[in-house]
Amino acid sequence: MQANSETTSEDAQGGAAMSVLLIDDDRELCRMLAEYLAPEGFKITAVHDGDEGLYQLGRHHFDLIVLDVMLPRLSGLDVLRQLRQKVTTPVLMLTARGEEVDRVVGLELGADDYLPKPFNPRELVARMRAILRRSLMLEPQAGRRDHIDVGPVSLHFSSRTASVRGQTVNLTGVEFRVLEVLMQQVEA
């Protein structure tokens, strides 16, 4: 299998572009977003169904995933469930399903943000950059340890997992960040 479109670029400072997997069945929207996002410093790989998205995630590293909810064959929520079992890559849900219940379900399943269609491309870029800033702040850096232990609770940064007395606890991206901040405050 092969991704249907890919656009490469460098960021404004000449550094490597951030790699984004765009999973949306609207081919025209994917083409327009790839054209808009390339000069903004994003390398876009666009695929048009959930199965292909999961396939690409198994083959390549992405810094961010932009995921539509209404996809052929495998819904975006099913894709999100499956990818959360394998990767911690930040996910921005981009969809026409903007009702509150849909947003809550997406966030509870592990999405980092939710932007309903139609949307302003500048807002999309701002949200993508905000998600990436937050995720990069949480990545272990040279000299920084990979976990925090406070009492029976352990938090592991590289795998973005938490455990209590050795039992894994499933957390959304937001819950993980909140727990990290709280544990760092207790530890300080």
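Reminder that position 7 of the sequence shown reads as 9 in our numbering, one-by-one numbering, no gaps. Here a beta-carbon is modelled for each residue, glycine too, at the ideal position from N, C-alpha and C. Bear in mind the structure is a predicted one, so any value in this text is a computation, not a measurement.
Express the C-alpha separation of residue j and residue i in angstroms, rounding to a whole number.
{"i": "T170", "j": "A40", "result": "38 Å"}
{"i": "D115", "j": "R167", "result": "30 Å"}
{"i": "A48", "j": "N172", "result": "29 Å"}
{"i": "E182", "j": "E37", "result": "36 Å"}
{"i": "G145", "j": "N122", "result": "Because G145 sits at a pLDDT of 47, beneath the cut-off of 50, its placement in the model cannot be relied upon, and the following sentence gives the value as read from the coordinates. Between G145 and N122, the C-alpha separation is close to 40 Å."}
{"i": "D27", "j": "L96", "result": "12 Å"}
{"i": "Q34", "j": "K88", "result": "Looking at the sequence itself, residue 34 is Met, so the reference to Gln does not match. Looking at the two C-alpha atoms, the distance is approximately 29 Å."}
{"i": "K119", "j": "T91", "result": "22 Å"}
{"i": "L76", "j": "L157", "result": "32 Å"}
{"i": "E189", "j": "S165", "result": "17 Å"}
If you reduce the DSSP assignment to three classes, tell me which class residue i lands in.
{"i": "F121", "result": "coil"}
{"i": "Q87", "result": "coil"}
{"i": "F44", "result": "strand"}
{"i": "A164", "result": "strand"}
{"i": "L94", "result": "strand"}
{"i": "V241", "result": "Because the chain spans 3 through 190 in this model, residue 241 falls outside it and cannot be assessed."}
{"i": "D115", "result": "strand"}
{"i": "M72", "result": "coil"}
Judging by CA-CA distance, which residue of the options is the nearest neighbour of residue i?
{"i": "E42", "options": "L126, F159, H149 and V176", "result": "L126"}
{"i": "V103", "options": "Q87, A128, V71 and E182", "result": "V71"}
{"i": "M20", "options": "E189, G175 and M130", "result": "M130"}
{"i": "L59", "options": "S165, F121 and L23", "result": "L23"}
{"i": "P74", "options": "H149, E189 and E54", "result": "E54"}
{"i": "D80", "options": "L56, Q187, L117 and H63", "result": "L56"}
{"i": "G52", "options": "I25, R29 and H62", "result": "I25"}
{"i": "R86", "options": "M185, H149, R162 and L117", "result": "R162"}
Name the DSSP bridge partner or partners of residue i?
{"i": "H77", "result": "Per the sequence presented here, residue 77 reads as Ser, with His not at that position. Note: S77 sits in no beta bridge, so no partner."}
{"i": "H158", "result": "H149 and T163"}
{"i": "V22", "result": "I46 and L66"}
{"i": "Q2", "result": "In this structure the chain extends from 3 to 190, so residue 2 is not present and cannot be described."}
Note to self: Across the segment 99-112 and the segment 121-137, are there enough close Cβ pairs to call them in contact, namely three or more that are closer than 8 Å?
What the structure shows: no
Note to self: With three or more C-beta pairs closer than 8 Å as the rule, is the segment 147-158 touching the segment 61-68?
What the structure shows: no
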